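Read the structure below first, then the notes.
Numbering (the working numbering), first residue to last: 23 to 98.
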């Protein structure tokens with residue numbers, strides 16, 4: 023799943039070498055922290071957060087088999 027977030031983010035940004043994904047697991051929640059170059063934050067979030075929402079939807083759909091909730095946090 024971590025690779026999926028990274029591949030999608032690298033396709034969106036101008037600085038793919040600065041994309042990093044970190045996994046943080048809590049009780050029933052997995053958080054994927056996406057870190058990108060400061061110039062690329064807007065590209066990953068998109069207008070009115072549409073790209074970020076779509077990214078979260080893809081990750082949530084791919085994680086349906088697990089019994090944990092999944093989310094993506096975007097860090098600069």
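Quick reminder that beta carbons are idealized off the backbone N, C-alpha and C, glycines included. These numbers were taken from a predicted model, which means no experiment stands behind them.
Worksheet item: Going along the chain, which residues of its own chain have a beta-carbon closer than 6 Å to the beta-carbon of residue 44, five neighbours each way excluded?
Response: As a working note, residue 44 is residue 22 in the chain shown. If we look at residue 44 and ignore the five residues flanking it on each side, its Cβ neighbours are 55.
Fill in: Own chain partners of residue 30 with C-beta closer than 8 Å, once the 5 adjacent residues on each side are dropped
Counting from 1 along the chain shown, the entry for residue 30 is found at position 8. Excluding residues within five positions, the ones whose Cβ falls inside 8 Å are 77 and 80.
Item to complete: Would you mind working out which of 96, 97, 95 and 91 sits nearest residue 48, comparing C-alpha positions?
Response: What you label residue 48 is simply residue 26 of the chain shown in a count that begins at 1. Comparing Cα positions, the closest option is 91.
Worksheet item: In terms of residues, what are the limits of the alpha helix (DSSP H) holding residue 27?
Response: Indexing the chain shown from 1 puts residue 27 at position 5. Element bounds for residue 27: 24-34.
Worksheet item: What is the C-beta distance between residue 94 and residue 46, in whole angstroms, given that I count them as a contact (C-beta under 8 Å)?
Response: As a position in the chain shown, residue 94 is number 72, starting the count at 1. As a position in the chain shown, residue 46 is number 24, starting the count at 1. Not really, about 11 Å apart at Cβ, beyond 8 Å.
Discussion item. In the DSSP assignment, the alpha helix (DSSP H) including residue 80 goes from what residue to what residue?
Written reply: Position 58 of the chain shown, counted from the start, is the residue given in the question as residue 80. Run containing residue 80: 72-84, per the alpha helix (DSSP H) assignment.
Worksheet item: Terminal residues of the continuous alpha helix (DSSP H) containing residue 63?
Response: Against the chain shown, residue 63 aligns to sequence position 41. Here the alpha helix (DSSP H) through residue 63 covers 63-67.
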